[in-house]
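Okay, structure first, notes after.
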Amino acid sequence: MKRSIDTAEAVLDGLGQDNEAVHEMKGLREAGSGQFEGESLDTIDEEQAKEAGYDSYDEYEDDKRKTDEDEWSWLANAHYYADQSGYAEGADKVQERMTDAIEKIAAKQNEEGGGNVLVVSHGMSINVMLADMTDKYEGDSLENASVTKIHYQNGDMEVESIGDTSYLEEGKE
Numbered sequence: 001m002k003r004s005i006d007t008a009e010a011v012l013d014g015l016g017q018d019n020e021a022v023h024e025m026k027g028l029r030e031a032g033s034g035q036f037e038g039e040s041l042d043t044i045d046e047e048q049a050k051e052a053g054y055d056s057y058d059e060y061e062d063d064k065r066k067t068d069e070d071e072w073s074w075l076a077n078a079h080y081y082a083d084q085s086g087y088a089e090g091a092d093k094v095q096e097r098m099t100d101a102i103e104k105i106a107a108k109q110n111e112e113g114g115g116n117v118l119v120v121s122h123g124m125s126i127n128v129m130l131a132d133m134t135d136k137y138e139g140d141s142l143e144n145a146s147v148t149k150i151h152y153q154n155g156d157m158e159v160e161s162i163g164d165t166s167y168l169e170e171g172k173e
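Residues 1 to 173 (UniProt numbering) make up the sequence shown, in order.
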């Protein structure tokens with residue numbers, strides 16, 4: 001979570017709000033990949049398939065992936081199915097804890113009078129959460145430092161925008 005804290009502090013500093021406290025929430029951590037932790041997605045596909053008892057990743061995916069399963073949920077579940085360590089998380093677990101964390105943050109802010117809240121998390125977890133949360137999300141990988149806006153009102157969350165990086169271009173000008 002160090003990267004998330006560093007990012008939050010850099011954003012607050014850039015906004016001139018470096019006096020704001022940064023709070024760490026375990027529910028916003030990256031999706032747990034178990035024994036595949038720290039490896040790139042490109043390098044672990046075949047390793048996952050072999051751990052799960054398949055000859056190839058394609059065979060593994062054809063057999064295990066549900067027909068209605070989005071790409072990000074499949075990636076989280078592929079780690080989960082193949083993991084022998086017992087530490088990988090399935091997509092349902094990631095979606096549940098991320099949504100739980102966002103709802104807690106939103107409810108607390110609502111109790112304090114409302115307003116904007118900066119929430120920083122990790123790519124795989126954000127992608128898995130969005131895939132479950134809205135039909136607006138088409139599954140494209142989010143850029144690092146992109147902004148997704150979620151509006152919370154009366155217990156309901158609505159995704160307003162996904163993966164906006166326009167501020168980066170504006171900052172270059």
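Every residue gets a Cβ at the ideal spot worked out from N, C-alpha and C, and that includes glycine.
If you reduce the DSSP assignment to three classes, tell me which class residue i lands in.
i, result
"Gly123", "helix"
"Gly113", "coil"
"Asp45", "helix"
"Asp164", "strand"
"Asn64", "With the sequence shown as reference, residue 64 is identified as Lys, and Asn is not the correct amino acid for it. It is helical."
"Lys93", "helix"
"Ala21", "coil"
"Asp6", "helix"
"Thr134", "coil"
Can you name the residues that DSSP bridges to residue i?
i, result
"residue 201", "Limits of the chain in this structure are 1 at one end and 173 at the other, which puts residue 201 out of reach."
"Ala88", "Ser33"
"Val147", "Asp164"
In angstroms with no decimal places, state the Cα-to-Cα distance between residue i and residue j.
i, j, result
"Asp132", "Ile162", "13 Å"
"Gln109", "Asp55", "50 Å"
"Val11", "Thr43", "32 Å"
"Ala52", "Glu170", "46 Å"
"Tyr57", "Asn116", "42 Å"
"Ser166", "Lys172", "10 Å"
"Leu118", "Lys149", "10 Å"
"Met1", "Gly123", "12 Å"
"Gln84", "Glu69", "22 Å"
"Ala82", "Gln17", "44 Å"
Quick one: measure Cβ to Cβ for residue i and residue j, integer angstroms, because I've assumed they're closer than 8 Å.
i, j, result
"Glu89", "Gly32", "4 Å"
"Ala101", "Gly27", "3 Å"
"Ala76", "Tyr60", "The Cβ separation is near 14 Å, so there is no contact."
"Ser40", "Val128", "Ser40 to Val128, Cβ: 17 Å. No contact."
"Glu160", "His151", "5 Å"
"Asp135", "Ser146", "Not confirmed; about 19 Å, so no contact."
"Met157", "Ala106", "7 Å"
Figure out for me which residue from the options has the closest Cα to the Cα of residue i.
i, options, result
"Ser125", "Arg97, Ile105, Leu118, Tyr167", "Arg97"
"Val22", "Glu143, Val120, Gln35, Ser40", "Val120"
"Glu71", "Ile5, Glu46, Leu130", "Leu130"
"Lys93", "Arg29, Glu37, Glu46", "Arg29"
"Gln35", "Tyr80, Ser166, Tyr167, Val147", "Tyr80"
"Ser4", "Gln17, Gly16, Glu24", "Glu24"
"Gly86", "His151, Trp74, Glu37, Glu47", "Glu37"
"Asp45", "Glu158, Ala78, Gln95", "Ala78"
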